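2 protein chains.
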Amino acid sequence: MRTIEISELRRLTLARLRQGFSKEASERMAEVILFGEMSGRASHGIQRLLPGSYGPLDEEPGPDPMIERLSHNSARVDGRPGMLVASIACDLAIDLASESGMSAVTARGSRSTSGSLNYFVERMTEAGMVAVISANTLAFVTPHGGKGRLLGTNPLAMGVPSSGRPFIIDMATSASNVGEVMAAAAAGTTLSPGIAVDSSGNETRSPSDVLDGGALLPFGGHKGLGLAMMIELMNGVLAGAGAAPTGSSDGWGHVFVAMSLKAFGDPDELRQRAQEIIERFESAPTVDERPPRIPGRASLDRRDQALARGSVEVDDEAFDQLVSLVDGSSAS
Amino acid sequence: MRTIEISELRRLTLARLRQGFSKEASERMAEVILFGEMSGRASHGIQRLLPGSYGPLDEEPGPDPMIERLSHNSARVDGRPGMLVASIACDLAIDLASESGMSAVTARGSRSTSGSLNYFVERMTEAGMVAVISANTLAFVTPHGGKGRLLGTNPLAMGVPSSGRPFIIDMATSASNVGEVMAAAAAGTTLSPGIAVDSSGNETRSPSDVLDGGALLPFGGHKGLGLAMMIELMNGVLAGAGAAPTGSSDGWGHVFVAMSLKAFGDPDELRQRAQEIIERFESAPTVDERPPRIPGRASLDRRDQALARGSVEVDDEAFDQLVSLVDGSSAS
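So the sequences go chain by chain: A and B.
Sequential numbering of the first sequence, starting at 25, is according to the numbering used here.
Sequential numbering of the second sequence, starting at 25, is according to the numbering used here.
And the structure:
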């Protein structure tokens, strides 16, 4: 790991993105990448600027994403890459819900990561919205007792604004994720028991078995499977994304639902009420008398600390590759 | 167990409910009770008509629930009992979303069960709505490492309509539920490992330890905790329910979100697309070559079978108590 100033990382990230995209699109996506890096989720940081990472530069160039307005409070964004359509859809969901209280904006057509969903949830909570975001992604998950890849790792992210910090969760509905399996394969370590199967559907702890036609299992048993299937279906139906996988070119899906606090009462009072409840979470009694771990909090803490320092720790190899991709281009 | 005709069970259920409620309110709630009984979830059936069951007749009599319209697509239902306000809120969510594409209707003020949430989800899917319902309930759950009751068992239920049967999930965000703990205590059996703690926060398999100031844990580890807290917070803020528990009299909360298929495209096409995805779930390959178990399906199958037979299997003791409560009343 090495310490890089955020301004320098932003410059390199933008330069790399500009190799494939317009200035405006690159600026949108750079913020998503930087959030991933600063929040300590390296798998959604500069790693995604390297070839073969299901990142924005892995997609074939396409036209600008197309926005189809479906009703006064719903719309669909069609196009690629994932980070760009997600960013556009997020802003549109905020705009529509600011006008009519609630909105749903879907996205489809990409085959690359949208970045960390908690980045988008935070943007929505900053605008005074309760946010519910889900996505269906590359098929990599099988039901318990199944074999072959049926479902994406299908993240679900939600957030509620408060008068203090928002409460935000962001979770894959799989017991692990593609990045962790690839990292274990690279490091030569084994997976936790009970989270993955090989191509015949037999439990395995070998990451290469999983990458070689195997699959992850859902988190949390049958309930997690229900959530994973619901997200696959909801994105397949509402966003028109490929689902449970088809051979179609409909790509991955996103559904952004925004509900303005204004639709439920006085926003300041509701924010205050949220803050009081969050404080009761934070002060709940524990066996070891240490404060309980609040889901979603650690990654936002890391981001805040990185911003305060003005720098971030990055992976040496990923950073060197990024520099070489950018320098190679400017030298050519 | 004994077999009772549904018409007879409806008559008895209505007669019991009429001891506390108007004809219209009783008819609404009877359908919820019958759904619970027919779908095989006895803990949400006639059991809830007995004293001390957190059922509708356990609540102090109150005025008719009050509907407060908050905006063109949002409203709050304030009052009790839970089944009645949930039923009113569900219908209102459907009506508002039929007009404006999306709606959110909250409920608060009750301290008794709303019944099975999949009953309400099914009603919403029948009206062409994608449904997301959550509730925060009696505090009975502690975070991992915690002690004392901080969160409800906080169910989350969702549904998507299709051209065939809807896809519906309905899950507590706790690893078990109050009914199962009470049943284990009555039967003298132990709980599964890793799902509950005693009043000091130490793991226990004794149901009486849990009932005596202990607590259940969330399902699915840290992700389940995140969902449980999110539902507690969202209901506390949007519905104005008591949360993380306060000494206030705000009661339990519900949030009904309805999104009409019409807001996302041609409803018939979307229903067809949903059906195709569900069929791919149903035909996914498995290790033992038996069809995969589809979450949420078994309870609706049982309900359909009960309706086809015209009868349902009920618990002897609960049924006898119900008969005696009804007969005792008509004889007095």
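Backbone N, C-alpha and C fix where the C-beta goes; we use that ideal spot for every residue, glycine too.
For clarity, every value in this text was computed on a predicted model and none was experimentally measured.
Around alanine 267/A, the beta-carbon contacts reaching into chain B at under 7 Å are Ile301.
By the criterion of a C-beta distance shorter than 7 Å, arginine 326/B is surrounded in its chain by Met62, Ser63, Gly64, once the five residues flanking it on both sides are discounted.
Taking each of Thr197/A, Ser223/A, Ala220/A, Ala113/A in turn and checking the Cα distance to histidine 246/B, the smallest one comes out for Thr197/A. Annotation for arginine 93/A: the continuous beta strand (DSSP E) segment containing it runs 90-95. Proximity of arginine 304/B to chain A, defined by a Cβ-Cβ separation below 7 Å, is satisfied. When DSSP assignments are scanned along the stretch 123-178 of chain B, the uninterrupted stretches of beta strand (DSSP E) that are 3 or more residues long and fall wholly within it turn out to be 126-134, 153-160.
For valine 184/A, the secondary structure class from DSSP, reduced to helix, strand or coil, is strand. Beyond the five residues adjoining it in sequence on each side, isoleucine 219/A comes within less than 7 Å, by CB distance, of Ala199, Ser200, Leu240, Leu241 in the same chain, given in chain order. As for any alpha helix (DSSP H) of minimum length 4 sitting wholly inside the stretch 265-344 of chain A, the runs are 291-306, 321-333, ordered along the chain. In its chain, beyond the 5 residues on either side, Met107, Gly139, Tyr143 have a beta carbon closer than 6 Å to the beta carbon of valine 56/B. No Cβ of chain B is located within less than 7 Å of the beta carbon of isoleucine 219/A.
Following the DSSP letters along the chain, one finds methionine 258/B inside the alpha helix (DSSP H) bounded by residues 245-258. Under the three-state reduction of DSSP output, phenylalanine 59/A falls in the helix class. Cβ atoms of valine 101/A and proline 89/A come within 8 Å of each other, at about 5 Å. Burial of methionine 283/A is indicated by the presence of at least 16 other C-beta atoms within 10 angstroms of its C-beta. The beta carbons of alanine 66/A and aspartate 339/A sit closer together than 7 Å. Serine 77/B and threonine 137/B have their alpha carbons spaced roughly 9 Å apart. Beta-bridge pairing by DSSP links alanine 99/A to Arg93/A, Val129/A.
By the 16-neighbour rule on beta-carbons within 10 angstroms, glycine 203/B is buried. Contact between leucine 74/A and alanine 342/A holds: CB atoms are separated by about 7 Å, below the 8 Å threshold. Note: proline 242/A is bridge-paired with Ser198/A in the DSSP secondary-structure output. By the Cβ rule, the stretch 27-34 of chain A does not count as touching the stretch 287-304 of chain A, because fewer than three pairs are nearer than 8 Å.
Taking a beta-carbon distance threshold of 7 Å, leucine 324/B does not count as an interface residue toward chain A. Cβ neighbours of methionine 126/A within its own chain (closer than 8 Å, five residues either side excluded): Asn97, Val281, Ala282, Met283, Ser284, Ala287.
In the three-state reduction of the DSSP assignment, glutamate 32/A falls in the helix class, which pools H, G and I. Taking 9 Å as the cut-off between beta carbons, the residues of the stretch 101-124 of chain B near chain A are Ser124, in sequence order. Aspartate 236/B: not part of any alpha helix (DSSP H); DSSP gives it neither H nor E. Between the C-alpha atoms of glutamate 123/A and lysine 47/A there is a straight-line separation of about 29 Å.
Here serine 232/B is exposed. Its C-beta has fewer than 16 other C-beta atoms within 10 Å. Distances from the alpha-carbon of methionine 258/A to those of Gly176/A, Gly183/A, Arg93/A put Gly176/A closest.
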